[in-house]
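Right, one structure below, let's go through it.
2 protein chains.
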Amino acid sequence: MQRLHIGDEDFERKFTRIVNDRRESDETVAHDVREILRKMRQSGDDTLRDMTMRLDKHALSDDPATWRIDADQCRAAHDELAPETKEALQLAADRIRDYHEGQRPQDRDYRDAQNVRLGAKWLPVDAAGLYVPGGRAAYPSSLLMNAIPARVAGVERLVVATPTPRGEINDLVLAAAHVCGIEEIWRIGGAQAIGALAYGTETITPVDVITGPGNAWVAEAKRQLYGVVGIDMVAGPSEILVISDNKSNPDWLAADLLSQAEHDPASQSILITDDAQFGEMVEDALGVLLAQIKTQRTAHESWENHGVILVVDDLATQAPALADRLAAEHVELAVDDPEAIFAKIRHAGSVFLGRHTPEAVGDYVAGPNHVLPTGRRARFASGLSVLDFMKRTSFIELDEAALRTIGPAAAALAEIEGLPAHAASVKVRLK
Amino acid sequence: MQRLHIGDEDFERKFTRIVNDRRESDETVAHDVREILRKMRQSGDDTLRDMTMRLDKHALSDDPATWRIDADQCRAAHDELAPETKEALQLAADRIRDYHEGQRPQDRDYRDAQNVRLGAKWLPVDAAGLYVPGGRAAYPSSLLMNAIPARVAGVERLVVATPTPRGEINDLVLAAAHVCGIEEIWRIGGAQAIGALAYGTETITPVDVITGPGNAWVAEAKRQLYGVVGIDMVAGPSEILVISDNKSNPDWLAADLLSQAEHDPASQSILITDDAQFGEMVEDALGVLLAQIKTQRTAHESWENHGVILVVDDLATQAPALADRLAAEHVELAVDDPEAIFAKIRHAGSVFLGRHTPEAVGDYVAGPNHVLPTGRRARFASGLSVLDFMKRTSFIELDEAALRTIGPAAAALAEIEGLPAHAASVKVRLK
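Same order as they appear, the protein sequences are chains U and E. If you count the first sequence from 1, position 254 lands on 254 in UniProt numbering, and the numbers rise without skipping. If you count the second sequence from 1, position 239 lands on 239 in UniProt numbering, and the numbers rise without skipping.
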């Protein structure tokens with residue numbers, strides 16, 4: 001963990017290092033992934049069989065049950081849940097759906113003063129693939145956050161790819177799939193699964209958009225396949241920036257900081273406060289909580305290597321600029337007047353206002369998407385939304401009079417650009 | 001040029017080959033670009049100097065004028081334009097601005113039934129880089145189409161990168177830059193220019209989003225840097241699909257087909273009609289026009305290698321499904337009732353309705369963006385818009401009562417996901 005004070009002589013150098021700290025995939029991963037994708041293009045099913053056996057110790061045989069999990073299994077997994085878990089999943093699903101329904105875009109269709117008809121029509125993609133990691137990061141909430149926006153967009157075919165190491169299936173993920181009504185689930189993982197979804201194989205029909213979290217290989221495969229399919233975003237380890245005065249409860253903030261640290265050793269938790277002593281109280285509280293949680297090892301590694309407590313002189317005037325340079329995935333404003341600071345922040349994935357809004361409510365039940373830009377991408381990227389599963393077709397309609405009004409300007413520009421056929425296509429109609 | 005009939009025995013095989021025809025960059029380009037970007041990360045200015053000398057024969061010296069074109073030069077270039085060119089540029093700029101102003105997204109901010117405050121705030125990115133190719137594809141219209149949406153989004157810093165081979169500057173591009181009020185223009189091109197904009201160099205401050213067309217190296221550099229910055233889209237050669245009955249004027253359609261063919265030898269023009277004889281008339285008209293235009297060589301190569309005339313039995317029932325498989329950048333519906341066919345088309349970049357709407361009006365003056373998804377990407381991607389220069393921050397605010405209502409479900413889900421610090425961050429606040 002790093003302690004910084006904005007007045008430190010080498011503050012700028014140290015803070016810049018934190019800003020530029022790229023906790024992401026390296027060239028080796030990129031090279032491996034290129035090889036895997038090349039193989040997937042050449043022999044999809046065979047490569048899937050080989051790699052799934054080698055990496056997941058799961059045999060994709062002639063028995064379809066080794067390739068797919070069917071809807072009945074999902075329903076059964078859901079039936080087995082404790083009633084309060086069912087209710088919590090349903091509350092989450094309902095609230096996520098409600099929030100995302102407000103994201104549906106409006107079509108446009110109008111005639112302007114020159115009687116040119118102009119517009120834009122939004123439609124869902126035909127098919128979306130959702131990746132769900134196996135092992136540590138197999139989160140049912142993640143399936144809800146990816147599947148529900150696709151459903152709200154109106155996507156007809158929703159496909160899940162998830163590895164089942166040693167044949168083991170995560171029942172919670174199946175139960176969440178049932179809640180989302182997903183019927184096509186493939187037992188494949190890694191870069192090869194992303195390749196299968198993008199290119200298709202003899203067995204698997206390709207999709208148009210791939211979303212969902214994954215390890216470095218999955219993230220790199222999505223990055224390399226961007227353009228072959230649409231993807232949600234290049235995702236890195238998660239991050240939280242807590243901005244707090246000294247009136248917050250240190251125990252609360254300690255839990256908030258650890259809630260990101262426990263995700264991954266590469267996660268990053270940063271506290272900005274205007275009181276050094278308060279910073280120490282949070283650090284102490286964090287140590288106490290850390291000793292009690294079973295994600296201790298991951299959280300400790302993350303906090304030790306990437307945690308930061310940064311003391312400033314004045315929160316309102318200094319914190320927003322620092323927050324913008326970090327452009328963090330999650331920003332908590334644990335102050336009396338969060339609005340005043342929020343108004344000055346330009347770059348953040350999602351902002352949690354006030355002392356009673358722990359980031360974790362956003363992970364599960366608040367409604368907005370928990371798939372958010374990491375690694376400073378909030379400078380230019382947004383959280384997952386209904387729009388990621390839709391595309392817009394613009395349209396134009398002119399009659400002869402409208403073409404006579406605006407066409408000559410088009411022909412003039414085509415001519416100065418040296419494109420005679422463009423010009424001809426207008427002029428031949430105005431003869 | 002290929003002639004196809006939907007009734008041909010091997011139609012499906014041939015059409016599939018057309019659909020899968022990837023006229024795009026290969027592995028060699030990808031490898032070269034990785035090398036260039038690696039060098040740009042290590043020594044930006046030196047690499048720019050070396051490559052600009054080698055490829056553009058232009059020396060980036062200690063004289064800033066060799067690096068930048070200033071606003072006065074742009075104004076002067078604009079002053080030199082013929083009055084009708086000035087007017088055409090201004091008409092285009094005004095109409096593009098009007099259309100894009102309708103794309104500004106709405107912020108959200110509301111409280112739901114559980115008194116949870118939820119919302120989303122849209123903001124422009126801080127800086128956008130617009131690439132403008134040198135040589136054949138240096139189009140002032142392209143600068144308008146990239147810069148105006150960024151301006152409408154509210155982007156403060158707009159940067160243009162454009163190569164000036166042998167020091168030669170394209171005055172039309174400068175004039176368009178003046179119309180858009182662009183003040184920062186760098187005389188660099190290729191993958192190295194994209195690297196400079198994304199990573200920054202000693203001389204050039206990095207940007208957040210890079211848009212604009214370019215050759216295979218530029219396109220591949222943008223693809224590889226996606227995630228480091230936002231990009232508009234992976235762009236391939238342009239395409240037009242004309243769907244027409246036999247009542248259109250063959251001369252009109254010939255010009256429309258050639259207007260894409262003249263862009264690039266890799267461009268593709270396809271006519272779908274329900275009358276084989278009409279198809280031949282269009283082919284003949286195309287031959288006549290081809291002989292007259294100075295873009296003959298490019299247009300001829302494109303038409304010979306990639307042109308298609310496809311005859312179907314019934315336009316209304318058969319053309320939309322074929323159009324969806326092609327998911328073309330531009331689709332012209334030259335029929336009496338274009339609306340009926342448009343209603344059945346799901347995948348297209350932009351649609352031109354009726355016989356008096358040549359695609360070229362969309363390239364220049366109609367208003368919608370001419371930067372559109374190519375290479376079948378209309379299945380999942382949209383044309384360039386104001387949203388490409390903005391990003392959305394979601395926000396959440398709970399008070400104690402709201403946290404008491406929805407918090408326990410969040411804690412329950414965190415616990416089943418094995419994330420105790422997430423659960424603790426809720427529970428510690430509800431003690």
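We put the beta carbon where it would ideally sit given N, CA and C, even for glycine.
Under the Cβ criterion (8 Å, minimum of three pairs), the stretch 106 to 123 of chain E counts as touching the stretch 386 to 399 of chain E.
Taken in chain order, the unbroken stretches of beta strand (DSSP E) that lie wholly in the stretch 163 to 229 of chain E and span 3 residues or more are 184 to 186, 209 to 211. Along the stretch 355 to 367 of chain U, the positions whose C-beta sits under 9 Å from a C-beta of chain E are 355, 356, 357, 358, 359, 360, 361, 362, 363, 364, 365, 366, 367, read in chain order. Positions of the beta strand (DSSP E) runs, each at least 3 residues long and wholly inside the stretch 94 to 152 of chain E, are given as 108 to 111, 117 to 124, 127 to 131 in order along the chain.
Listed in chain order, the non-local C-beta contacts of residue 179 of chain E below 6 Å within the same chain comprise 89, 93, local neighbours out to five positions each way being set aside.
The beta-carbon separation of residue 378 of chain E and residue 327 of chain E, rounded to 4 Å, stays under the 8 Å limit for a contact.
With a contact defined as Cβ atoms closer than 8 Å, residue 419 of chain U and residue 361 of chain E miss out at about 13 Å.
E/58 is the residue among E/352, E/373, E/58 whose C-alpha sits nearest the C-alpha of residue 169 of chain E.
Of all residues in the stretch 30 to 42 of chain U, none comes within less than 7 Å of chain E when Cβ atoms are compared.
Excluding its 5 nearest sequence neighbours in each direction, residue 365 of chain U has C-beta neighbours in its own chain below 7 Å: 91, 92, 95, listed in chain order. Counted as a single uninterrupted DSSP element, the stretch harbouring residue 355 of chain U is not any alpha helix (DSSP H), since DSSP gives it neither H nor E. At a C-beta separation below 8 Å, residue 295 of chain U has these neighbours in chain E: 418, 419, 420, 421. Close CB contacts of residue 323 of chain E within its chain, under the 7 Å cut and outside five residues either way in sequence, are with 241, 243, 331, 345, 348 (chain order). Listed along the chain, the chain E residues whose CB falls inside 7 Å of the CB of residue 391 of chain U are 378, 380, 381, 382.
Identification of residues in the stretch 252 to 279 of chain U having a C-beta nearer than 8 Å to some C-beta of chain E yields 252, 255, 256, 258, 259, 261, 262, 263, given in sequence order.
Taking every protein chain shown into account, the CB of residue 20 of chain U has fewer than 16 other CB atoms within 10 angstroms, so this residue is exposed. Residue-level contact check: residue 289 of chain E touches chain U, since one or more beta carbons of chain U fall below 8 Å from its beta carbon. The C-beta distance from residue 258 of chain U to residue 421 of chain E rounds to 4 Å, short enough to fall under 8 Å. Scanning U/333, U/163, U/16 for the CA closest to the CA of residue 54 of chain U turns up U/163.
With contacts defined by Cβ atoms closer than 8 Å, residue 209 of chain U and residue 125 of chain U form a contacting pair. 226, 227, 229, 230, 234: these are the residues of the stretch 224 to 241 of chain E whose beta carbon lies less than 7 Å from some beta carbon of chain U, given in chain order.
Assigned with DSSP and collapsed to three states, residue 53 of chain U falls in helix.
Bounds of the beta strand (DSSP E) holding residue 5 of chain U are 2 to 5. Separation of residue 29 of chain E and residue 36 of chain E (C-alpha to C-alpha, rounded to the nearest whole angstrom) is 10 Å.
DSSP places residue 277 of chain E in the helix class (H, G or I) of the three-state scheme. For residue 371 of chain U, the closest C-alpha among the options U/198, U/148, U/337 is that of U/148.
At a cut-off of 3 residues, the continuous stretches assigned as beta strand (DSSP E) that sit fully inside the stretch 264 to 336 of chain U are 268 to 273, 308 to 311, 330 to 334. Look at residue 201 of chain U: its C-beta is not under 8 Å from any C-beta on chain E. Of all alpha-carbon atoms in E/260, E/79, E/150, E/414, the one lying nearest the alpha-carbon of residue 172 of chain U is that of E/414. Across the structure, residue 117 of chain E and residue 375 of chain E are spaced so that their CA atoms are roughly 42 Å apart.
Against chain E, the beta carbon of residue 139 of chain U has neighbours under 7 Å at 417, listed in chain order. Sequence-distant partners of residue 398 of chain E (beyond 5 residues in either direction) whose C-beta falls short of 7 Å from its own C-beta, in its chain, are 116. Under the three-state reduction of DSSP output, residue 359 of chain E falls in the helix class.
As the crow flies, the alpha-carbon of residue 191 of chain E is around 30 Å from that of residue 387 of chain U. At least one beta carbon of chain E lies nearer than 8 Å to the beta carbon of residue 349 of chain U. In the three-state reduction of the DSSP assignment, residue 40 of chain E falls in the helix class, which pools H, G and I.
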